[in-house]
Structure formats: C-alpha cells, structure tokens
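First to last, the protein sequences are chains A and B.
Residue 150 in my numbering sits at position 117 of the first sequence, with consecutive numbering throughout.
Residue 154 in my numbering sits at position 95 of the second sequence, with consecutive numbering throughout.
Beta carbons: idealized from backbone N, C-alpha and C, even for Gly.
Take a look at the structure below.
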Amino acid sequence: MFYIHDMSCISAQQTFGDADISHLNGINNKKLHALEPSYEGIPTGILRRMGKAIRLGVGAGLPLLQKKAVDGIIIGTANGGMEDCIKFLNQIIDYDEGMLTPTNFVQSTTNAIAAQIGLLNHNKSYNTTHVHRGLAFENALLDADMLLKENTEASYLAGGIDEISSYNYNIDDLAGWFKKEALLDKDFYTSGTEGSIAGEGAGMFIVGAKEVGALARVRGLELVHTGDIQAIVEQLQLFLRKYLPAGEQIDLLLSGEDGDSRMIKYYTACEEVLKERTAVGRFKHMFGEYATVSAAALWLACYILNKQLLPGHMVKYENTKSKYDRILIYNNHKGMQHSFILVENARL
Amino acid sequence: MGAISAIGNSVTENRHALVQGKSGIGQIELFPTKYAGILPFAEIKISNQLLKEKLNAREPGLTRTTLLALHAFEEAIANAQLTRQQLQSFDTALTGASTVGGMCLTDELYHDANKTDNGSEYLSSYDCASVTLYLQQRYGINGVVNTINTACSSSANAILYGARLIHNGLAERAIVGGVDSLAKFTINGFNALHILSPEKCAPFDEQRKGLNLGEGAAFLVLEKEEAAAGKKKYAELTGYCNTNDAFHPSSLSDDGDGPYLSMKGALAKADLSAAEINFINAHGTGTENNDLTESRAMVRLFETVPAFASTKSHTGHTLGAAGAIEAVYSILNLQHQELYGGIHFNQPIAETGLRPVPAYTKAALKHVMSNSFGFGGNCTSLIFSAC
Numbered sequence: 034m035f036y037i038h039d040m041s042c043i044s045a046q047q048t049f050g051d052a053d054i055s056h057l058n059g060i061n062n063k064k065l066h067a068l069e070p071s072y073e074g075i076p077t078g079i080l081r082r083m084g085k086a087i088r089l090g091v092g093a094g095l096p097l098l099q100k101k102a103v104d105g106i107i108i109g110t111a112n113g114g115m116e117d118c119i120k121f122l123n124q125i126i127d128y129d130e131g132m133l134t135p136t137n138f139v140q141s142t143t144n145a146i147a148a149q150i151g152l153l154n155h156n157k158s159y160n161t162t163h164v165h166r167g168l169a170f171e172n173a174l175l176d177a178d179m180l181l182k183e184n185t186e187a188s189y190l191a192g193g194i195d196e197i198s199s200y201n202y203n204i205d206d207l208a209g210w211f212k213k214e215a216l217l218d219k220d221f222y223t224s225g226t227e228g229s230i231a232g233e234g235a236g237m238f239i240v241g242a243k244e245v246g247a248l249a250r251v252r253g254l255e256l257v258h259t260g261d262i263q264a265i266v267e268q269l270q271l272f273l274r275k276y277l278p279a280g281e282q283i284d285l286l287l288s289g290e291d292g293d294s295r296m297i298k299y300y301t302a303c304e305e306v307l308k309e310r311t312a313v314g315r316f317k318h319m320f321g322e323y324a325t326v327s328a329a330a331l332w333l334a335c336y337i338l339n340k341q342l343l344p345g346h347m348v349k350y351e352n353t354k355s356k357y358d359r360i361l362i363y364n365n366h367k368g369m370q371h372s373f374i375l376v377e378n379a380r381l
Numbered sequence: 060m061g062a063i064s065a066i067g068n069s070v071t072e073n074r075h076a077l078v079q080g081k082s083g084i085g086q087i088e089l090f091p092t093k094y095a096g097i098l099p100f101a102e103i104k105i106s107n108q109l110l111k112e113k114l115n116a117r118e119p120g121l122t123r124t125t126l127l128a129l130h131a132f133e134e135a136i137a138n139a140q141l142t143r144q145q146l147q148s149f150d151t152a153l154t155g156a157s158t159v160g161g162m163c164l165t166d167e168l169y170h171d172a173n174k175t176d177n178g179s180e181y182l183s184s185y186d187c188a189s190v191t192l193y194l195q196q197r198y199g200i201n202g203v204v205n206t207i208n209t210a211c212s213s214s215a216n217a218i219l220y221g222a223r224l225i226h227n228g229l230a231e232r233a234i235v236g237g238v239d240s241l242a243k244f245t246i247n248g249f250n251a252l253h254i255l256s257p258e259k260c261a262p263f264d265e266q267r268k269g270l271n272l273g274e275g276a277a278f279l280v281l282e283k284e285e286a287a288a289g290k291k292k293y294a295e296l297t298g299y300c301n302t303n304d305a306f307h308p309s310s311l312s313d314d315g316d317g318p319y320l321s322m323k324g325a326l327a328k329a330d331l332s333a334a335e336i337n338f339i340n341a342h343g344t345g346t347e348n349n350d351l352t353e354s355r356a357m358v359r360l361f362e363t364v365p366a367f368a369s370t371k372s373h374t375g376h377t378l379g380a381a382g383a384i385e386a387v388y389s390i391l392n393l394q395h396q397e398l399y400g401g402i403h404f405n406q407p408i409a410e411t412g413l414r415p416v417p418a419y420t421k422a423a424l425k426h427v428m429s430n431s432f433g434f435g436g437n438c439t440s441l442i443f444s445a446c
C-alpha cells in the first residue's frame, strides 16, 4: 500500500499539462499516437537524439522530478527504445555487419529510459527497469511498494512507458493483435472482430508512504498469469476479500476491455463478480492497447478520484451513486497477463 | 544453483574449469557472424538443435536464449530439490533477466519487423520477457513473475528483486537469474563502440584492449532461512545495493560514483565494514573505461583493496547472465574456500597498481562481493556470506 503524490501522463488524449479528458481524440489510421508536448526543460540537443519512448518517459517524468527529489527511479517498459533498436538492426543487415554508428544501439536498450531520466536528474540512487511485458508497470509498482516498506521516509518515481514503433507494431500486427480492418471510433468496443488498436504513452508517478498531500492511495495490487477465466474470477474474489473493507464496495471498475473479441470474456467475468453496484468505465478507446497502458489507467483513476467526474465516452454501465471513492482497475495483456489495482481516495 | 557458460554446462563443470584456469574464449564455431575468425568470443559449443533434444523443448518459437535459460533453470531447481508442489506454489517467485531476449535471431527479426506477410514462429519470442514467460508456462509458476533488463547488471538486479520479494513477505522462495546468447545485435553494437578486444580480454591489465562477448545462463534458488530447513545451504545473500552513475549512457564517470556507491551501499545493507570483504568478483570486463573506474572506486572505498579478480577472462562478458553467473562463482568461492585466478593478466594499471588474484588458490573466506555495472550507469553490488 502506498500513496501517489504527483503524476503525469502523456497519451493520445489531453492528459498532460492542463488535462481535459471530456473531449475525445479519435483513432488515426488504426493507431492512437501520443500527443507529444513541447518538452520545455529538456535541452533541444539532447531531445533531438532521443527516440520516442525515451522522449515520452523523460517528458512525463522530468517535470515531476523538478518539483520533488526522489530516492529511486523505477520504470516498466516492454519494448523500451525499440525504434532505435530496429534502426540499428536494419543497419546490421543493410551493411552486412560493417562499421556502424553506435548511437542507435546505446539508445535502444530498454533501460535507456530510466537511465536518461537518472542522468538528466543527476540522480545516483536506485534505478531499475522492469520489462515483463504486460506486467512491466505492475512490477515497477510492486518494486516501489517494497522500497517504501524498506524506506518509509522516501519518495520514488515509478512509471510505465511504451511507444508504437514500426518494429513492435509490425510484429504484433503479424501476430494478429491489431484490427485487420479499418475501424470507426464508435465501433471500438462493438465490432466483434479480433484485435485492438495500437496505443502508446507514458504514465509517471511520485509515490510515497505518507498520506499528507496525497492524490490517491493504492491499497491493493495483484499480478496474475493465467488464461483461465475461472482462475481470474477466483483471484478477483480473493483480492476483494483481502483489500476491500467489510461492507464497502467498488464504486467504479476501470476496465481494460479493448475491443478484441477474444478478450471480452475476461472483462465480462470481472463485471459479474462486482455486479450492479459498480459503475464500469473503459479506457482503451482513449489510450489504445499496449503493454504498459495500465500506467495511463492509473493516472486516469487518480484523475477521476480527484475530479469526481467520469466522461460520458468512457461509460459502459452507470451506477446510481456517481461518487467515486474506490476504483478498481482490471487490465489484461494478450489474455495471459492480468492485473488488479485498487485505487482509493487518500482520505478514506 | 544452475549454470551454463563457455566453460561448462553445469555448476560443477564451470568450477572445474575455474580451478584449472581454463578459459572458454576462442573462435566462434556455431554462430554465424562476419566477425567469426576476426574477434574472440566465449561461445557455448552446443547447437540449438542439440539443446532442444537434450531439454525436450521442441515447441516452435524457442530461441537460443530461452534454451540456455531452460538448461540452467532445470539444473537449479533439481539442485534445490524443489517439488512440483513447491514450484507451483503461489509463494514461489521467478525473476529472469536478459538484455537481448530473442533478438539473437537477427534475420527473422528483420523480416518480422519490416515485412508485412508470413510472420515467423518467433513473433512472440523477441522481447526479454518471452524467456521468463516460457519458464513460467512450462513449470506452472504461480507466484510473482518478473523480467529485468538493466544491461550488464540485469541478473544481479534479478537476484536483488527476488531477495526483496522474500524479505517483504511476497514470496517464500524466489528462483532468480539471467541469460543472454550471442547476437549480431550486441556484437555489432559493442563493436561500433570500439570496445571489443581483438585478443582474449585481460581484465585490469594496463594493456587491456576491451571485452570479449560471451553467452550463458545461471539461476539461483533463494529461500528464507525457515523454508530452507534441512536443505544444503550454499551461502547467504547478506548485502545488495543498486545505484546509478548518472554520467553517460555507455561509460562510467571518472570517479566511479556509481560503482563506489553500490559497493558502499551493499556493505551498509550487510552491516559489514569494508575490511570484512575477503574477495571481490569484479565486473572487470577488460575495457579501458570499466576497469580503471572500478579500480578507482575500489581504492576509494577500501583502505586496503581486498583480493579481487574478474571471471570474465574465463567466460567472456555474458551481459544479462553476468550477474547471476558471477553470483554462482562467488558462492563457489565460499563453498569451497577457494579463489579463481584472473587469467591473461600481466601488468597492473599504472595509476592504481592493483593486481588481481594471479592463480587458483585456497583461501579462508567469509564474505565475497560481486559487482555488475552496465550501460545506462546501472550499478549493482551483491555480498554473499558463508553460512
């Protein structure tokens, strides 16, 4: 259990700076590309050499660090700087292992995001990169949680980033993870076809063990690996028994439903567990599908807790209360990596 | 523990080579690269086909990286005598590490990343997570599973993460380790940085010319004291620390702040004074930058620098596997009360005059430190103690 004291999100929606998620930016050519800000505060010489994943991570993270010193930087990313990786790879093939320039190689390692943030922040403390695909961000949160138990006075930067690079897009497309056909925004959840829409973004959080001044509390976090619906249902029930105080309920399920017809069964099963008292809101029509989208979902949960508003375009099922104090995020990545995150009003 | 490297296919074989001062660095025979015959590498002389047969791993999409990991993983869990029930228990965690993952398959990756038809069998095998996910799937691991990539310190951080999962009550035991196989990606990447040596690497030597790339894998089973009752205990992980040099993406700072702080932090965690370290298994890649920086950091931290050596002169630099393989070697130091020599060493670095352990020798050891420093300034130090 820990508290979120500050946060930042660069995504396909207006989540950065003056956030406004009531207006929805739609799909563009089967992708939800991130709206990149002006990146003030990052020297242009350095910015120019950064691949997008590093730009997104640094762009979202550095402003937070300018306000708060941290004792560690923990990043979750599945594909890191893969665009630079493919550029280097192409050179290897095209020049048949001839003499190559190293910049793309060095920038393409998945730990380059955390490293660059550490470098620009002159931060010599704990620095690590979790790359466990659909649970990379969750492991980053788990790591931060453990660090806070070990160091109760500390603060950490924890984040999740992934970019749509031509590399991972093409590979995931060949593997059938994205829509084969063109898709209208309004049909995102109802097309009935396989695959989703690629997204990208960075969600960054300053986390600490103290309640004072917190935006939200993360009370529970569970990582599950399974393809079995019944196992997911049981894990959710266990999770609720463990983290939800008796007599309390989840006000809102933030569901990672992504329009992929093969995945809907997991989300429906979780909705069943929570029944009618819980509103259900969806977020992947906003952010797209990618390994660390749960970071954007966490930002969204905190935003909703603090603004007490749920934009209409997100609503799957309303509930009568329209008060959001406890939000459960359920996400799965490629049907096998699942997570539950319980986020609540810090004052509860 | 389980390990496979260019000097042996098991922990025992690795140890025999270390005792005999045998290096696994030489000519590439199996891996197809333009640099075969030009640069030395520490290659494991077992083909993928043979690995698949030996491990009964014939599913499509298995990369060499996954196969090497499987080899070491199986040895480790057999060595730890883990029952099926324990393996699949909700309190058994798994943390893997790799820097290359399935990108060792450059040609297939090139095709899958650029062409729009006929995806290969490796579509879901390129990322680092694919290795850990395969092990999880094959053995039905149900606890916390994770993969870490912090370049050359990856598997040291995997060990650190597993230990903390246990300390924080999120696991009773953790299987931790890492792997990397030879890949055009890293061969060409390191070559472009001009840090591959045309000769067998000579860690801490004044004339050192760079590193030799190697491949390998190692896994360790960490258990709480109570859970390990009745089992053979090789060593205790008593200290660990992760810091960042925050200087440059691919080289360490002149003063070696990152290495200095990670070693100092590990001592603090272990509640040991610098003088209590009997031996350091250094990162010692053989590059001009690392060895000088690491030397300076050791001189800064230790009033008298303890005995030290880099086993990369035996195994080459195994990148994502280095932290774990060298952890195994550090534990062997303690278990057998012996030190392995820093081979290929002739003259000390002029500035520091430090000399690594010259040859195999018996030694009284209580605490051994193992260093792993990577790109991105990621520095991790581990301390193992005799039990």
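- The closest CA to that of I402/B, considering only I84/B, N68/B and S64/B, is found on I84/B.
- Y159/A is not a Cβ neighbour of N205/B, given a cutoff of 9 Å.
- Between H342/B and S369/B, the gap from beta carbon to beta carbon is short of 9 Å.
- Counting the other Cβ atoms within 10 Å of the Cβ of N349/B gives 16 or more, which makes it buried.
- In the structure shown, E265/B adopts coil according to DSSP, grouped into three states.
- In summary, the residues of the segment 153-172 of chain A whose CB is separated from some CB of chain B by less than 8 Å are N154, H155, N156, K157, S158, Y159, N160, T161, T162, H163, V164, H165, R166, L168, A169 and N172, in the order they occur in the chain.
- In the DSSP assignment, E305/A is bridged to no other residue.
- Rounded to the nearest whole angstrom, the CA to CA distance from A131/B to S214/B is 13 Å.
- Of all residues in the segment 84-101 of chain B, those with a C-beta nearer than 8 Å to a C-beta of chain A are T92, K93 and Y94, reading in chain order.
- One finds nothing in chain B with a Cβ atom closer than 9 Å to the Cβ of A242/A; even the nearest lies about 13 Å away.
- One finds K157, S158, Y159 and N160 in chain A with Cβ atoms closer than 9 Å to the Cβ of T302/B, taken in chain order.
- Residue range G105 to G109 is occupied by the beta strand (DSSP E) that includes G105/A, with no alpha helix (DSSP H) assigned at that position.
- Listed in chain order, the non-local C-beta contacts of F373/A below 8 Å within the same chain comprise G253, L254, E255, V257, Q268, L269, F272, L361, I362 and Y363, local neighbours out to five positions each way being set aside.
- In the structure shown, I297/A adopts helical secondary structure according to DSSP, grouped into three states.
- When Cβ pairs closer than 8 Å are counted between the two stretches, the segment 107-115 of chain A is seen not to touch the segment 123-131 of chain A, the count staying below three.
- When Cβ-Cβ separations below 9 Å define contact, I200/B makes contact with chain A.
- At the C-beta level, P262/B and F100/B stay beyond 9 Å of one another.
- Interface with chain A (9 Å Cβ-Cβ cutoff): G317/B is included.
- The residue from T162/A, S224/A and D195/A with its alpha-carbon nearest to that of G232/A is D195/A.
- In this structure, DSSP gives V159/B a state outside helix and strand, which the three-state scheme calls coil.
- In this structure A366/B is in contact with L398/B, their Cβ atoms being roughly 6 Å apart against a cut-off of 8 Å.
- Pairing G433/B with T209/B gives a Cβ-Cβ distance under 9 Å.
- Judged by DSSP secondary structure, E116/A falls within the alpha helix (DSSP H) whose first and last residues are M115 to D127.
- Counting along the chain, K371/B sits inside the alpha helix (DSSP H) bounded by residues K371 to T374.
- Contact annotation: V416/B and M60/B have beta-carbon atoms that are not nearer than 9 Å.
- Between the beta-carbon of V240/A and that of H38/A there is about 7 Å, and that keeps the pair under the 8 Å contact cut.
- Rounded to the nearest angstrom, the gap between the Cα atoms of D51/A and S41/A is 11 Å.
- Legend: CB atoms of the segment 241-273 of chain B lying less than 7 Å from CB atoms of chain A belong to residues K243, F244, N247, G248, A251 and L252.
- The segment 218-228 of chain B and the segment 91-109 of chain A do not touch, with fewer than three beta-carbon pairs separated by less than 8 Å.
- Put simply, of G78/A, Q370/A and T162/A the residue whose alpha carbon is nearest the alpha carbon of C438/B is T162/A.
- For the segment 249-335 of chain B, the full-length alpha helix (DSSP H) segments reaching 4 residues or more read 316-329 along the chain.
- The criterion of a C-beta distance shorter than 9 Å is satisfied by E304/A and S288/A.
- Distance from the CA atom of G120/B to the CA atom of E112/B, rounded to whole angstroms, is 15 Å.
- Between F244/B and L122/A, the gap from beta carbon to beta carbon is short of 9 Å.
- Of I200/B, L255/B and E102/B, the smallest CA-CA separation from T142/B is found for I200/B.
- Annotation: S183/B is outside any alpha helix (DSSP H) and is labelled neither H nor E by DSSP.
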